[in-house]
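Reading through the structure tokens given below for one structure.
Residue numbers (our numbering): 75 to 346.
As structure tokens, this is what we get:
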């Protein structure tokens, strides 16, 4: 792998100074987040409050990801594909809005295949940096009763189960990294925020919509947000593609691994 590329410095001309334009840009950010991960974060906060005030201790509660939506296989498949399709609509909206800023949206956040080998290499590296400690943090959270039992793939087993889980992983990678890093960093930078302010806001947002899984996943995802955001700003040349690759790898391992790995092996890691 070649040396990482430093991002171009923020130009003074990129920072919005007109009061009306700043207000419109701020409203835009709230609308995009309100239609996507910001909404998820609010629901997750309410969910964790409900969990913490329930009679059952947090460590004895559970949650299921990627659940079946119908007992009829092909109807379930239809629902799954429709859910994935509409879930990435906020990404299309964010890219459209970014494209209005002059420079092409894909190039603006490094969402292209200009450096495939390097992006893939950094993607696998970031996945390892996040994934290995993340599994240990999940096990520690379960042991300390601050993380709920997460069933990573609650789909019934059909011929299309693994392909749908892979698409779900890709959807998460696109949705989270484009919105929480590519889009949000760009907009907050144009509003004049400093790098560490942007990293903090992006990371806390990332942690917030994982709160439904417990306090442990919130902490872990805030840490993931700091690593990803810092890498994007300082080491990755403001390219979001390696982050999407890393996130997709992490979720494929979690979703498909959960569906295929024997239950006895999962139990060793405190996963039920």
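Every residue, glycine too, gets a C-beta built ideally from N, C-alpha and C. Predicted, not measured: the structure shown is a model, and the values here were computed from it.
Please check the pair residue i and residue j, which I expect to be a contact at CB under 8 Å, by giving their CB distance rounded to whole angstroms.
i	j	result
residue 286	residue 122	6 Å
residue 112	residue 208	Rounded, the Cβ-Cβ distance is 23 Å, inconsistent with contact.
residue 314	residue 184	5 Å
residue 96	residue 90	5 Å
residue 258	residue 276	5 Å
residue 243	residue 325	3 Å
residue 43	residue 99	Residue 43 lies beyond the stretch modelled for the chain, which goes from 75 to 346, so this question has no answer here.
residue 108	residue 279	Actually they are not in contact, since the Cβ atoms of residue 108 and residue 279 sit about 12 Å apart, beyond 8 Å.
residue 193	residue 319	6 Å
residue 202	residue 329	No, residue 202 and residue 329 are not in contact; Cβ-Cβ is about 18 Å, not under 8 Å.
residue 129	residue 263	Actually they do not touch by this definition, with Cβ atoms about 46 Å apart.
residue 196	residue 310	7 Å
residue 230	residue 173	Residue 230 to residue 173, Cβ: 40 Å. No contact.
residue 135	residue 146	Not really, about 29 Å apart at Cβ, beyond 8 Å.
residue 317	residue 171	Wrong, their Cβ atoms sit about 19 Å apart, outside the cutoff.
residue 321	residue 256	About 12 Å; that fails the 8 Å criterion.
Going by DSSP, which residues form a beta bridge with residue i?
i	result
residue 137	224
residue 288	221
Kindly examine the ligand ADP and report whether one of its heavy atoms sits closer than 7 Å to the Cβ of residue i.
i	result
residue 206	Among the ligands in the structure shown, none appear at all, so the ligand ADP cannot be discussed.
Mind checking which residues open and close the alpha helix (DSSP H) that includes residue i?
i	result
residue 259	258–264
residue 148	147–161
residue 280	269–282
residue 234	Unbroken run through residue 234: none, as it is neither H nor E.
residue 117	111–126
residue 129	Taken as a continuous stretch (DSSP letters only), residue 129 belongs to no alpha helix (DSSP H), as it is neither H nor E.
residue 183	179–183
residue 105	93–108
Tell me which same chain residues have a C-beta within less than 7 Å of the C-beta of residue i, skipping the five on either side of it?
i	result
residue 304	273
residue 144	150, 153
residue 288	132, 215, 220, 221, 222
residue 138	225, 228
residue 245	158, 161, 162
residue 300	273, 277
residue 327	205
residue 140	227, 228, 229, 239, 242, 329
residue 156	none
Apart from the five residues just before and just after residue i, which ones in its own chain have a Cβ nearer than 8 Å to its Cβ?
i	result
residue 290	211, 212, 214, 215, 216, 218, 220, 221
residue 118	282, 283, 284, 285, 286
residue 261	99, 102, 103
residue 307	81, 259, 269, 272, 273
residue 186	180, 315
What residues in its chain sit with their C-beta under 6 Å from that of residue i, if we drop five residues either side in the sequence?
i	result
residue 238	154
residue 169	179
residue 298	204
residue 182	172
residue 234	151
residue 232	147
inquiry  = With three or more C-beta pairs closer than 8 Å as the rule, is the stretch 246–255 touching the stretch 159–179?
reply    = yes
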